[in-house]
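One structure below.
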Amino acid sequence: MDRRSFLTAAGAAASLSVAGCAGLGGGGDGSSTDESTPAGTTTGDADGSEETLVVGTYSAFIDSPSTSPGAWVKQRFEEEFDARLVWQTPSNELNHYIERRNAGVDIEADMYLGLNTDHLVRVDETLDDGLFADVGDVAGRDDIKPGLQFDPDGRAIPYDTGYISLVFDGTATTAPETFEGLLAEEHAGDLITQNPASSATGRAFLLHTIKQFGPDGYLDYWSDLQDNDVRVLGSWSDAYSAWSGGEAPMVVSYSTDQVFADQNDADLSEHQIRFLNDQGYANPEGMAVFDGADTPTLAREFMGFLLRPDIQGEIAVRNVQFPATESAELPADYAELAQEPPEPVTFGYDELRGSVSGWISDWERQFASN
Amino acid sequence: MARDSDGGGDDEAGGSGHGGRRRAVRDSVERHALLALAAATVALLLGIFYYPVATVFVDSVLVDGRLTARVFVSILRDPFYLGEPARLLAGEPIAAVVESALAPDRRLGVIGFTAYQAALSTVASVALGLPAAYLLARFEFPGRRTLRSLTILPFVLPSIMVAVGFVATFGQRGTLNAVLGALGLGQVNLLFTLEAVVVAHAFYNAPLVARVTTAAWESVDASAVETARSLGASPARAFRDVVAPQLYPSVLMGAALTFVFTFSTFPIVLALGGFQLATVEVFVYRLIRDLEYAEAAALALLELGISLGLLYAYLRYEARHTVRSRGIRPLPRRPLTPPSLSVRELLPRMGLAAYAAVALAVFVAPIASMVLASLSGPEGLTLAHYQFLIDRQTTGASFQVKPWDAVRNSLLFGVASLAVALPMGVVVAVLTTRDYRGRKVVDAVAMAPLAVSGIVVGLGLLRGLVFGVEVGGTRLAVGGGLAIVAAHAVAGYPFVVRTVAPGLEGIDHTLVESARALGAPRARALVDVELPLVWPAVVAGAAFAFAISIGEFSATVVLASGTSQFTMPIAIERFIGRRLGPATAMGVVLLVVTSASFLLIDRLGGDDVGF
């Protein structure tokens, strides 16, 4: 059975029924070369007219309890393009596709949405053959803010960005203005952050300290931070819920925190933002087309669609992040609650490649030394 | 299959050729039933567990296509993982290593620390579990059976729920500090310490210890105690000599399982302790996430080896200490209200009252906090989070998780996997209670699903089943509901084995031999003679298997062919956001559904089933 018609039949949620044994990927023959002939796939379409675009992403993009852009994006795209958009949210996210490529199994998606710089580094350090194709011609690509481009090889392009900052309860403390300030006696036990290996915010905070103190100095800083009782919890939600529960007055999170606080009618004085050293660590999220995608043209149309000013603005609001383009149309009051740092900083691909896993592993060995 | 002769009683036809043939067929089926079941069990285990897991473990010895022990050696020589003993393997003199191992600043290493916290957690779980067993087995009070049914609840709670409950109970602004403050006792700072992690582990595992011990206690034959007493033994002496020896195997089983579970702990440690308390599993996760498979697999194999070694030691002990002739007449329970005001009557009850206060704080308060969190909003009490569940159900997109579908899937998978896990468990119990060399090794290997890293299982299922294997040009892939059921059954059946096997071993073998001498095939003897005698154990295993299925996360999320096959724990995980309301509301749904299920299982199990 053709994979296209299968997906079309099974629909977005692939409600395969309980008898879903021994079926998935049946006729694909598992070799990725078969997939590189886009003509072979459109012929299998059930009704012949509608193309299907399968997009892999992380689950919060389509299914978070507050707002997520997924459903809105799908509806708008399908209306305009006479195409079908299928979201795929494998539990191990991008690793799922790396695994598939490693095992020589059909990727089963056309593109991925939600790439970080370090994802790209991981892909390139692990796979001999590339996972993603050259991005090629995408409308609106020139509108992207120059500082956000993170792929020197031109495969991934950003669609939004977050800035990692401190969020603090202004009624309980006033966050220091510098990294050194976190070491002050008065802030002992005040900060909660996250495990850099399992949390994007925790990783960004660690990388920010490396940016600040250099690969030779960050471990000393962390040693002092640990002496001052910094808490490193597992996931962002572990940390944020402990912070919300009053376990510590400061947490590493996103600089858009007040947007959520405002939505929930919370007291904004309890949701203050601090950019240490006036810097925020930028974490651009990108998208890229899988090498051998069935519908690369449609995928590029989708990318252009996402970069359009109206869509950029809406995604930023719904994903509670910042748009990637200069031309995005944001609500007038968005900037009041969503704060941008005076100076965005980030590590580029070339700086992370070959270094990031060593940095994290050295940090782990120091911090968890029993 | 021909169904024409399916009416009426089996043997009406008596000696006629037709009936004789039928009986012969039935006999033949029964004769081979056990063998067929055993073969099916082995096939299922190979297909859905050993093979997938092997696809991951092989990475530890097969690097770039070549067999090597290099990865293991480098881990074993690394003090970060193995502490001071690593230096021994690195070739340092024994005396120097022993000296530094005795020094106060000795390094435990990640593996040593993981074992240390697991040992502490085991002690705490036994200490908190035994009084509960004493209460449930020896005292009669209204609601005792309900309470006993509900003791399994902590077992199915996702770690995020437990973390929420613990922060609300033991946090700086938690209930405990509010109570202590009101009593003028000052504040305690329990969170982000090893203590918090140990208590959370006890929250999960003390009920396990309590359940298995309660069962053993209820199986103690009253006449044995009475005989001892009539021979002049004091109550304390009778307990020590008659009752206690029958409890040890169960207590130790609870302890061994607790150690194995807490040895592979992961999210709880990072949510309530912090990264400085990172365990082996934390590093297995990190290494797999960064695709460093060789080191991840080697570390996970070492983790498994330690767990299986411990289980093997326990199984050897269990085999030597099986108590023959299980209870015919259980000890009478005493009323909870003291019949007289003597010290002998008052003392144990006062002890139980003190225990109840501790249990209230450790077990009830976190769950109550969770329920409260689901009902709390910025402006006090609200049903908004439950409204969210209803909205998601009615207006959610097709690719979003729907609460009712999650409930239905959980129950469906739970019942189906129970139907698979029970026969599997019974067959393995029968096979491992026969006499042959190395049967305890077989038994330990059969317990592996309890001890393998969940992260490794998830990756193995992805590689081994979801991606499929190439057979003659077509790719055979497995996923979806049936695969989830199989994976849950594999995860749950060891509990059936562990609860049923000791009972089977204790059965007087002459009973089975008589049945067989009278012509009953082995399977019929099992169903007619042995299983009824160990029925409480069967129901107990069933309850655990069902609980495992309800709580399972990693295999389900990998095998589900879409959000429409997601279960309650996955829904909870998806509903976590900035505010925990929606996730906790789903958590309460999980609590209610699970409670109802267990009350039902207990009622179905018979009048006074021992677990």
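Protein chains in written order, with this note's numbering: chain C, -6 to 363; chain S, 49 to 659. Positions of the beta carbon are idealized from the N, C-alpha and C atoms, including for glycine. Fair warning: this is a prediction, and the values are worked out from it, not measured in the lab.
Chain-ordered neighbours of residue i on chain C, where CB pairs are closer than 7 Å
| i | result |
| --- | --- |
| S/Val605 | Ser84 |
| S/Phe411 | By Cβ distance, chain C contributes nothing, its closest Cβ being about 20 Å from S/Phe411, past 7 Å. |
| S/Arg482 | Here the premise fails: no neighbours, minimum Cβ distance about 33 Å. |
| S/Phe203 | Residues of chain C passing the Cβ test: none, with the nearest at roughly 21 Å. |
Contacts around residue i, its chain only, beta-carbon distance under 8 Å, and the 5 residues preceding and following it disregarded
| i | result |
| --- | --- |
| S/Leu242 | Gln165, Leu168, Gly321, Leu325 |
| S/Arg511 | Pro100, Thr103, Val104 |
| S/Leu110 | Thr116 |
| C/Ala149 | Leu108, Leu113, Phe125, Val128, Phe143, Gly279, Met280, Ala281 |
Where residue i falls: helix, strand or coil (DSSP)
| i | result |
| --- | --- |
| S/Arg79 | helix |
| C/Ser57 | coil |
| S/Gln220 | coil |
| S/Gly425 | strand |
| C/Val225 | strand |
| C/Cys14 | Low confidence applies to C/Cys14: its pLDDT is 34, below 50, so where it sits in the model is not reliable, and the reading given next is rough at best. Of the three classes helix, strand and coil, the one that applies to C/Cys14 here is coil, per DSSP. |
| S/Ile354 | helix |
| S/Pro315 | helix |
| S/Ala499 | helix |
| S/Asn237 | coil |
| C/Thr36 | Because the pLDDT of C/Thr36 is 33, which lies under 50, any placement of that residue in the model is unreliable, and the question is left without a value. |
| C/Gly63 | helix |
| C/Asn276 | strand |
| C/Phe315 | strand |
| S/Asp269 | strand |
| C/Ser348 | coil |
Neighbouring residues, chain C, relative to residue i (Cβ below 8 Å)
| i | result |
| --- | --- |
| S/Gly520 | The premise fails here: S/Gly520 is roughly 12 Å from chain C at the closest Cβ pair, so nothing lies under 8 Å. |
| S/Val215 | Ser234, Ala235, Gly238, Glu240 |
| S/Gly322 | Arg224, Val225, Leu226 |
| S/Pro426 | Asn257, Asp258, Ala259 |
Beta-carbon proximity list for residue i, same chain, < 6 Å, skipping 5 on both sides
| i | result |
| --- | --- |
| S/Leu184 | Arg196, Thr262 |
| C/Gln332 | Ser248, Ile266 |
| C/Gly182 | Asp222 |
| S/Ser417 | Gly213, Ala216, Thr217 |
| C/Pro289 | Val282 |
| S/Leu82 | Arg570, Ala571 |
| C/Ser350 | none |
Interface partners of residue i on chain C, CB under 9 Å
| i | result |
| --- | --- |
| S/Val212 | Ser234, Gly238 |
| S/Ile208 | Ser228, Ser230, Asp231, Ser234 |
| S/Gln220 | Gly238, Gly239, Glu240, Ala241 |
Residue j beta carbon less than 8 Å from that of residue i
| i | j | result |
| --- | --- | --- |
| S/Val560 | S/Gly589 | no |
| S/Leu513 | S/Ser597 | no |
| C/Ile308 | C/Asp153 | yes |
| C/Pro189 | C/Trp356 | yes |
| S/Val328 | S/Val158 | yes |
| S/Ser458 | S/Val636 | no |
| C/Ala102 | C/Gln81 | yes |
| S/Gly479 | S/Ala86 | The identity of residue 479 of chain S in the sequence shown is Leu, whereas the question assumes Gly. Yes, they are a contact pair. |
| C/Phe70 | C/Phe298 | yes |
| S/Gln294 | S/Ala264 | yes |
| S/Arg186 | S/Arg382 | yes |
| S/Leu359 | S/Ala304 | yes |
Same chain, Cβ closer than 7 Å to residue i, five either side skipped, listed in chain order
| i | result |
| --- | --- |
| S/Phe97 | Pro497, Val538 |
| C/Leu375 | In the structure as shown, chain C begins at -6 and stops at 363. Residue 375 of chain C is therefore absent and cannot be evaluated. |
| C/Asp343 | Pro145 |
| S/Ala367 | Lys488 |
Interface residues of chain S facing residue i [CB-CB closer than 9 Å]
| i | result |
| --- | --- |
| C/Ile100 | In chain order: nothing, as chain S lies at least about 11 Å away. |
| C/Trp215 | The premise fails here: C/Trp215 is roughly 11 Å from chain S at the closest Cβ pair, so nothing lies under 9 Å. |
Chain-ordered chain S contacts of residue i [CB-CB under 8 Å]
| i | result |
| --- | --- |
| C/Ile55 | Ala445, Phe447, Gln448 |
Q. What are the residues of the region 232 to 253 of chain C that lie near chain S, defined by any Cβ-Cβ distance shorter than 7 Å?
A. Tyr233, Ser234, Ala235, Gly238, Gly239, Glu240, Phe253
Q.
For the region 615 to 627 of chain S, list every residue whose C-beta sits within 8 Å of some C-beta in chain C, in sequence order.
A. Arg622, Phe623, Ile624, Gly625, Arg626, Arg627
Q) Which of the residues in the region 436 to 451 of chain S, read from start to end, lie with their CB under 7 Å from any CB of chain C? A) Phe436, Ala445, Ser446, Phe447, Gln448, Val449
**Q.** Interfacial residues, the region 332 to 352 of chain C to chain S, with Cβ spacing under 7 Å
**A.** Ser350
Q. Quick one, which residues of the region 133 to 159 of chain S are near chain C if we go by CB-CB under 8 Å, in chain order?
A. Arg155, Leu156, Gly157, Val158
Q. Going along the chain, which residues of the region 74 to 97 of chain S sit with their C-beta nearer than 8 Å to a C-beta in chain C?
A. none
Q.
So if I threshold CB-CB distances at 7 Å, which residues from the region 112 to 132 of chain C count as touching chain S?
A. Arg115, Thr119
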